[in-house]
Amino acid sequence: MRQRPVDRSLSVTECEPSDARHLVPIYNAQFAKDAPPSCLPIQDDEFVAGLTQFTGHDRPVSHLGVASLRLIQVARDGRILGFAHVAIETKTWENPVTRQGLIRVFAYDGRDRAVGQTLLAAAETYFVERGVRDVCASPWFAPVRFIHTGREGVSTFHPHVLALFGLNRYSVRLAEHIMAAPDITAAPKPSAPDAGLTVAVEHTPGRGTLPGFFVRMARGDDEIGACECRAHGHYLRAADAQARLLVEALDITEDERGRGFGRYLLRRALWEGRQIGHRHADLRVRTDNLSAMMLYASEGFRIIGTGYMLTKSLLDETA
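Numbering (my numbering), first residue to last: 694 to 1012.
1) Just to confirm, are I871 and R977 a CB contact at a threshold of 8 Å?
2) With respect to the beta strand (DSSP E) encompassing S742, which residues constitute its N-terminal and C-terminal limits?
3) What is the rounded straight-line gap between the Cα of S755 and the Cα of P883?
4) If distances are taken between C-alpha atoms only, which option among L929, F740, E916, V825 comes closest to M900?
5) Could you tell me whether the stretch 829 to 846 touches the stretch 783 to 795, using the rule of 3 or more Cβ pairs below 8 Å?
6) Quick check: what's the CA-CA separation for R695 versus Y720?
7) With R838 as the anchor, note down where its alpha helix (DSSP H) starts and where it stops.
8) Whose CA, out of A942, G843, L890, lies closest to the CA of C732?
9) Do the stretch 762 to 777 and the stretch 710 to 717 touch if we need at least three Cβ pairs shorter than 8 Å?
10) For G970, count neighbouring Cβ atoms within 10 angstroms of its own Cβ and tell me buried if that reaches 16, exposed if not.
11) Could you say which of G803, F858, L812 lies nearest to R701 if we only look at CA atoms?
12) If we require 3 or more residues per run, which beta strand (DSSP E) segments fall completely within the stretch 698 to 731?
13) Given G998, which residues of its chain have a CB within under 7 Å of its CB, disregarding the five upstream and five downstream residues?
14) Output the distance between the C-alpha atoms of D770 and T706, rounded to the nearest integer angstrom.
15) Would the beta-carbon of H925 fall within 8 Å of that of V837?
16) Along the chain, which unbroken stretches of the alpha helix (DSSP H) at least 4 residues long are found entirely within the stretch 931 to 992?
17) By a C-beta neighbour count over all protein chains shown, 10 Å radius and 16 as the cutoff for buried, is L963 buried or exposed?
18) Alpha carbon to alpha carbon, how far is G758 from F834?
19) Of the residues D738, L939, V825, which one's Cα is nearest the Cα of L1008?
20) Kindly give me the distance between the Cβ atoms of Y989 and A868, rounded to whole angstroms, as I take these residues to be in contact under 8 Å.
21) Let me know the secondary structure DSSP gives P753 once reduced to three states.
22) Please classify E941 as buried or exposed, where buried requires at least 16 other C-beta atoms within 10 Å of its C-beta.
23) How many Å lie between K1005 and Y819 at the Cα?
24) Between G803 and the rest of its own chain, which residues show a CB-CB distance below 7 Å, the 5 nearest in sequence each way excluded?
25) So Q810 and L857 are supposed to be a Cβ contact under 8 Å. How far apart are they, rounded?
26) What residue does the alpha helix (DSSP H) around F820 start on, and which one ends it?
27) Quick check on F799: does DSSP put it in helix, strand or coil?
28) Does the beta-carbon of A816 have 16 or more other beta-carbons within 10 angstroms, so that it is buried, or is it exposed?
29) Which same chain residues end up closer than 6 Å to G918 when comparing Cβ atoms and leaving out the 5 residues on each side of it in sequence?
30) For H853, which of helix, strand or coil comes out of DSSP?
31) Can you give me the C-alpha to C-alpha distance between R772 and F799, rounded to a whole angstrom?
32) Please confirm whether C922 and L939 have their CB atoms less than 8 Å apart.
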């Protein structure tokens, strides 16, 4: 049974992603306006497509075992004030097979806590009515396509959302800082720390004005490091996204760490981005990865916010 709203002037309804274009102004006003440059306002078709796909691949979330996608809306006097995008993940790789509720987007005006509380209660009820007892809010493994770093959902950019989930006994499963380099246009071409290194760059054209790319570093026939940079413009149509990179992954083989190769690979990636027209860069780092954080900070990246993946079991509340 649907829970009664905490404020009786509020009503709860649902809709399909394909019928959710009317929620775009709410998303842009209540979510994107306070988010970082990697999470810009979007248009109707970006919203609908982004809800059904996940970042990093132009494939439906069904490929991840995610289904039952719905938008839950909360309104007062016929005016929609907030919404949540919910889905259910089936973990076929577990024995026995289990299911988990996902809250992929959660947007409401922080000045109206009753709306947020009603929205969260309705989302949890949606899961309980379908026999799902475990919930993940802001699932990093299945982010919507237009939230590009995948970390802005429950984050310090939206403290009212972060606080609401905490007050409702959600716990932190993972936490990552979002770091930004506001200007990479002066990035010089770095000198390799080892004359025996070779570097190969592979561009990955997409929907945006500029491509993303891979930078691969090798010694002889052995690859010892790689850096993947994704173009925000592939995921977001806004003009401000077109010259912005996300440093998605930076990895050095274990035997080669501690020799300056990670710093060189990051510098080389930023220089390669500059060469093709990118002006800004973002990256993510686990809050407990202090060595990586030190490296990024020394290269001009600054923490602009922190994102969280939260979990909760509804068993105690439904027993």
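Note that beta-carbon positions come from the ideal geometry of N, C-alpha and C, so glycine has one too.
Just so we're clear, the structure is a prediction, and the values are computed from it rather than from any experiment.
The relevant details are as follows:
1) yes
2) Position check: residue 742 holds Ala in this sequence, whereas Ser was assumed. Segment 737 to 745 is the alpha helix (DSSP H) holding A742; no beta strand (DSSP E) there.
3) 42 Å
4) Residue 900 is actually Arg in this sequence, not Met. Looking at the Cα atoms, L929 is the closest of the given residues.
5) yes
6) With a pLDDT of 47 at R695, under the threshold of 50, the predicted position of this residue should be treated as unreliable, and no value is reported.
7) Note, R838: premise wrong, no alpha helix (DSSP H); not H, not E.
8) G843
9) yes
10) exposed
11) L812
12) 703 to 708
13) P729, S848, T849, F850, I871
14) 13 Å
15) no
16) 954 to 968, 983 to 991
17) buried
18) 11 Å
19) V825
20) Not quite, the Cβ-Cβ distance comes to about 16 Å (not below 8 Å), so this is no contact.
21) strand
22) buried
23) 14 Å
24) H853
25) 7 Å
26) 806 to 821
27) strand
28) buried
29) M910, I945, F954, L958
30) helix
31) 17 Å
32) yes
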